[in-house]
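Chemist: Take a look at the following structure, please.
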Amino acid sequence: MSEVPVVSLEGVSKSFNGVEVLRDIHLEVARGEVVSVLGASGSGKSTMLRCINWLEQPDRGTVKINGEHIGVDAQGKQMSVRALASLRARTGMVFQSFNLWPHLTVLQNVIEAPVHVKRIPRSRAVEEALALLDKVGMGHKRDAYPYTLSGGQKQRVAIARALAMAPEVLLFDEPTSALDPELVGEVLAVMRALSLDGYTMVVVTHEMEFARAVSDQVVFLDKGKLIERAPPERFFTAPESERVQRFLATHR
Amino acid sequence: MNSQTWLLLLEGAWTTVWISAVSIAIGVVLGLGIALVRMLRIPFVDQLLVLYVSIARATPLVTLVLFIFLVAPTFGIVMNRNLAAILALTLNTAAFNAEIWRGAFLSFSKEQREAAMACGMTPWLCFRRIMLPQMITVSLPGLVNEMSFLIKGSPAIAVIGIVDLTRVTNRISAVTYEPLPPILAAALLYMVVIYALIQLQALAEWRAHRLAV
Amino acid sequence: MENWQIVWEARDSLISGLFTTIEIFLIGSVLAFLLGCLVVYLLEQAGPWLRRALRVAIDLMRTLPFLIFAYLLYYGLPSLGVRLDAWTAGLIALVIYHGAYFAEMLRGARLVMPAGGVEAARACGFHGFTLFRRILLPQLLIRVRPLIGNQLIYCLKDTAFLTIITVNELTAAANSIQAIYFIPMEAFVAVIGLYWMVSIVIELLVKWAGRFGRKRGFDHV
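Chains as they are written, first to last, in the working numbering: chain Z, 72 to 323; chain V, 28 to 240; chain W, 16 to 236.
Next comes the structure, spelled out in structure tokens:
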């Protein structure tokens with residue numbers, strides 16, 4: 072059973088207004104694996120991530136979470152909204168712009184989906200949420216509203232919100248790109264801790280140091296194509312493709 | 028509906044349009060006057076104007092039209108219907124317009140005024156050449172919006188027996204015994220006029236937006 | 016002063032007029048508000064045809080005077096065999112007409128709302144009505160709150176039009192008192208005062224409701 076990958080993309084392609092942003096992507100992420108996705112901006116890495124939970128619909132190809140089709144079933148039939156939502160509930164996503172819900176407190180943000188999507192009893196959801204907030208170092212802000220928090224604090228709450236769904240995979244979409252440089256560290260520290268806890272993670276990022284130190288695999292996208300996949304030690308020292316060598320040379 | 032009834036409808040439409048147009052014209056200028064006087068912050072006068080705006084905003088047009096038409100004779104003033112209607116619509120719309128003008132006035136930047144003074148302009152010249160043109164552009168979307176609200180409120184004048192575009196439908200159906208066609212036709216005419224104003228407002232918004240950037 | 020005495024003695028008819036006005040305003044505006052929310056939910060969920068139809072219906076209401084719409088229901092519908100009494104026709108007119116304005120207001124707020132919050136909700140598995148009720152609607156309400164007071168006052172004022180289709184509301188009460196005793200000044204000053212008081216109460220309530228938004232950092236909207 073453990074052979075079934077948590078995430079698998081097979082032949083995923085997508086274009087926006089005639090421009091191909093993803094071309095025939097194949098990617099498998101095993102349980103407990105941390106995969107960093109690198110590439111220049113506009114290379115399609117965010118789109119690929121958003122295809123995993125079907126926020127973006129691929130034109131071709133299949134996406135599976137834990138072996139289950141998402142979006143369209145094996146026969147190519149569109150899934151019901153409800154079925155899609157319940158599959159999405161098994162993934163957790165962290166956005167570049169945090170996307171906390173401004174009308175709810177920190178704690179309410181974290182328990183909102185467990186209570187109203189997963190229908191977990193409120194008291195249990197609160198208990199779990201407090202533990203998660205402590206884990207990301209935000210327990211003391213449980214009753215604050217999002218607008219009072221710094222970017223780094225918002226992102227840590229957003230991570231707790233994603234964790235609260237007990238997801239099978241965590242999807243990070245450039246989680247530190249909108250942060251002031253001095254706030255990047257606190258978010259990366261939380262992410263590193265999660266990787267040590269054994270979470271399966273797909274991280275779209277520009278943080279080379281993080282990719283090198285934390286990930287099990289690094290993949291590189293160029294113009295919508297996945298052109299390199301390697302463990303970090305090989306990726307950063309002896310990449311096969313000339314494109315990656317150039318990329319690394321300019322991003323040191 | 029025959030041509031006779033259409034003619035009656037158009038007559039009603041004309042009554043609505045000219046009474047509204049006169050009220051809008053006076054109301055826009057009066058609103059500006061009220062806004063300017065409020066800017067001077069004259070004690071007592073200021074509070075009086077605040078009270079006027081607050082009451083006028085809360086008073087239904089039907090009530091105001093009846094009030095003016097019925098109360099004037101008790102002061103010995105002979106009030107014809109059209110005059111009462113124009114007075115009521117004007118008093119109502121001027122209160123809203125005053126707020127719109129005031130908003131534009133308050134948002135005018137101090138730096139621009141200082142720049143004008145530094146060029147040697149007198150306050151009056153500065154107002155006329157620098158402030159007013161910009162205030163008009165900024166206020167215009169709100170003013171046009173208020174115009175369409177005035178037209179939507181204008182059927183209130185029917186209550187004192189003016190045969191406007193709404194009231195005329197009663198007249199027609201009293202003869203034809205078919206109320207639905209004239210009401211629908213009147214609705215169509217209102218839609219044409221108000222739709223035109225909404226388009227105008229979009230244009231004004233576009234122009235005001237251009238000024239802002 | 017004698018005239019005010021007369022108004023005081025005729026207070027029963029004023030109070031009953033005020034009661035009718037407040038009754039029709041409260042029921043009308045609450046239902047109109049719920050209708051507005053429903054329409055915005057449908058705009059969110061429905062297919063392109065229903066969406067287009069709803070947009071047209073909203074724009075139709077926005078280009079019509081309230082009274083002509085009330086005429087349509089009260090004088091026009093009997094031609095189609097639907098006979099409503101003045102109170103019911105007035106209420107239905109109020110609900111549909113102002114429902115369209117509420118819907119337009121919420122739709123406007125929806126257009127400028129950042130997409131991220133909804134996206135995050137979808138990623139958490141929210142969909143359909145729960146997504147609307149828990150995530151979208153609260154934020155829309157906070158954003159349109161400053162406009163709601165104005166709309167409610169328009170709704171209150173539109174109830175006075177119903178005097179023309181023979182609903183015995185507050186303005187009708189003033190008119191009948193002045194006709195019987197010939198004291199137009201006092202009768203109408205009293206009634207305008209009552210409208211003014213109701214509108215002040217509305218504004219205070221809406222301002223009070225604003226603290227929900229302020230606490231959440233929505234001061235700027």
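Just so it is clear, CB atoms sit at the ideal spot from N, CA and C, and this is done for glycine as well.
Note that the structure is predicted; figures quoted are calculated from it, not measured.
Whose C-beta lies closer than 7 Å to the C-beta of V/Glu173 among residues of the same chain, with five residues either side of it excluded?
Modeler: Excluding sequence neighbours, V/Glu173 sits near Thr120, Phe123, Asn124 and Ile127.
Chemist: Give the secondary structure of Z/Lys294 by DSSP, where H, G and I count as helix, E and B as strand, and everything else as coil.
Modeler: Of the three classes helix, strand and coil, the one that applies to Z/Lys294 here is coil, per DSSP.
Chemist: Looking only at its chain, what residues have a beta carbon closer than 8 Å to the beta carbon of Z/Met72, apart from the 5 residues adjacent to it on each side?
Modeler: Because the pLDDT at Z/Met72 is just 45, under 50, the model does not fix this residue reliably, and the point stays unresolved.
Chemist: Under 7 Å between beta-carbons, which chain V residues line up against W/Ala175? List them in chain order, please.
Modeler: Those within 7 Å of W/Ala175 in chain V are Pro87, Val89 and Thr90.
Chemist: At a cut of 8 Å, does the stretch 93-110 of chain V reach the stretch 197-209 of chain W through at least three beta carbon pairs?
Modeler: A contact exists between the stretch 93-110 of chain V and the stretch 197-209 of chain W.
Chemist: Whole angstroms are fine: how far does the CA of W/Ile111 sit from the CA of Z/Gly142?
Modeler: Between Z/Gly142 and W/Ile111, the C-alpha separation is close to 38 Å.
Chemist: Taking the continuous beta strand (DSSP E) assigned at Z/Thr133, which residues delimit it?
Modeler: Note, Z/Thr133: beta strand (DSSP E), Arg131 to Ile136.
Chemist: Sorted by chain position, which residues of the same chain lie with C-beta nearer than 6 Å to W/Val236's C-beta, five sequence neighbours on each side aside?
Modeler: Summary for W/Val236: the model assigns pLDDT 43, below 50, so the residue's position carries little reliability; its value from the coordinates is reported in the next sentence. Result list for W/Val236: Arg158, in chain order.
Chemist: Is the beta carbon of W/His142 closer than 8 Å to that of Z/Ala156?
Modeler: For Z/Ala156 and W/His142, yes; Cβs fall inside 8 Å.
Chemist: Answer with buried or exposed for Z/Asp244, where buried requires no fewer than 16 other C-beta atoms within 10 angstroms of its C-beta.
Modeler: That one is buried.
Chemist: Would you mind reading off the limits of the alpha helix (DSSP H) that contains W/Ser31?
Modeler: Here the alpha helix (DSSP H) through W/Ser31 covers Arg26 to Gln60.
Chemist: Using a Cβ-Cβ cut-off of less than 9 Å, list which residues of the stretch 53-80 of chain W approach chain V; keep chain order.
Modeler: Under the 9 Å Cβ criterion, the stretch 53-80 of chain W contributes Asp74, Leu75, Arg77, Thr78, Leu79 and Pro80.
Chemist: Looking at the structure shown, is Z/Leu242 part of a helix, part of a strand, or coil, going by DSSP?
Modeler: Of the three classes helix, strand and coil, the one that applies to Z/Leu242 here is strand, per DSSP.
Chemist: Using only alpha-carbon positions, find the residue among V/Val219, V/Ala212 and V/Arg237 that is nearest to V/Met28.
Modeler: Closest option to V/Met28, Cα to Cα, is V/Ala212.
Chemist: Let me see if you follow: with CB-CB separation under 8 Å, is V/Ile221 close to chain W or not?
Modeler: Chain W, which has a Cβ nearer than 8 Å to the Cβ of V/Ile221, makes this yes.
Chemist: Between W/His113 and chain Z, is any beta-carbon pair separated by less than 8 Å?
Modeler: So, not an interface residue.
Chemist: For W/Tyr120, return the contacting residues in chain V, with the cut-off set at a CB-CB distance below 7 Å.
Modeler: Looking at the sequence provided, one finds Met at residue 120 of chain W rather than Tyr. By Cβ distance, chain V contributes nothing, its closest Cβ being about 13 Å from W/Met120, past 7 Å.
Chemist: Between Z/Val290 and chain W, is the shortest Cβ-Cβ distance under 8 Å, so that the two count as touching?
Modeler: No, its Cβ sits nowhere closer than 8 Å to a Cβ of chain W.
Chemist: Taking the beta carbon of Z/Trp202 as the centre, do at least 16 other beta carbons fall within 10 Å, making it buried, or is it exposed?
Modeler: Per the sequence shown, residue 202 of chain Z should be read as Ala rather than Trp. Flag for Z/Ala202 reads exposed.
Chemist: Would you mind telling me which residues of chain W sit closer than 9 Å to Z/Pro129, beta carbon to beta carbon, in chain order?
Modeler: Within chain W, no residue comes near Z/Pro129; the closest Cβ sits about 16 Å away, beyond 9 Å.
Chemist: So the beta strand (DSSP E) Z/Glu311 belongs to, where does it begin and stop?
Modeler: Here Z/Glu311 belongs to no beta strand (DSSP E), and DSSP marks it neither H nor E.
Chemist: Which runs of the beta strand (DSSP E) spanning at least 3 residues fall entirely within the stretch 189-269 of chain Z, listed in chain order?
Modeler: With a minimum length of 3 residues, the continuous beta strand (DSSP E) runs that stay inside the stretch 189-269 of chain Z are 240-244.
Chemist: I think V/Leu238 touches V/Thr164, with their Cβ atoms under 8 Å apart; what is that distance to the nearest whole Å?
Modeler: So it is a contact: roughly 5 Å between Cβ atoms.
Chemist: Just reading off the beta strand (DSSP E) that Z/Asp95 is part of, what are its end residues?
Modeler: Residues Val90 to Val100.
Chemist: Can you find the residues in the same chain that come closer than 6 Å, C-beta to C-beta, to V/Ser181, ignoring five residues on each side of it along the sequence?
Modeler: So the qualifying residues of the chain are Thr43 and Ser47.
Chemist: Along the chain, where does the beta strand (DSSP E) containing Z/Leu109 start, and where does it finish?
Modeler: Run containing Z/Leu109: Val105 to Leu109, per the beta strand (DSSP E) assignment.
Chemist: Can you tell me the Cα-Cα spacing of Z/Ser107 and Z/Arg263, whole angstroms?
Modeler: Whole-angstrom Cα-Cα distance: 12 Å.
Chemist: Do you know offhand how far Z/Ser79's Cα is from Z/Gly269's?
Modeler: One C-alpha to the other measures close to 19 Å.
Chemist: Going by C-alpha to C-alpha distance, which of V/Ser50, V/Leu34 and V/Leu159 sits closest to V/Ile178?
Modeler: Checked all of V/Ser50, V/Leu34 and V/Leu159; the closest Cα to V/Ile178 is V/Ser50.
Chemist: So what does DSSP say about Z/Val77, is it helix, strand or coil?
Modeler: Note: Z/Val77 maps to coil in three-state DSSP.
Chemist: Would Z/Gly132 pass as a contact of Z/Val165 if the rule is Cβ separation under 8 Å?
Modeler: Result no, Cβ atoms of Z/Gly132 and Z/Val165 do not sit closer than 8 Å.
Chemist: Taking Cβ positions only, does Z/Met236 come closer than 8 Å to chain A?
Modeler: Absent here is chain A; the protein component of the structure consists of chains Z, V and W.
Chemist: Per DSSP, W/Ser94 is paired with what?
Modeler: In DSSP, W/Ser94 forms no bridge with anything.
Chemist: List the residues of chain V that W/Trp102 touches, going by C-beta distances under 7 Å, in chain order.
Modeler: Correct list: empty, because the minimum Cβ distance to chain V is about 17 Å.
Chemist: Note down, in chain order, all residues in the stretch 209-225 of chain Z with a beta-carbon under 9 Å from any beta-carbon belonging to chain W.
Modeler: Flagged, chain order: Tyr216, Pro217, Tyr218 and Thr219.
Chemist: Do V/Phe94 and W/Ile207 have their C-beta atoms closer together than 8 Å?
Modeler: In this structure, W/Ile207 lies closer than 8 Å to V/Phe94 by Cβ.
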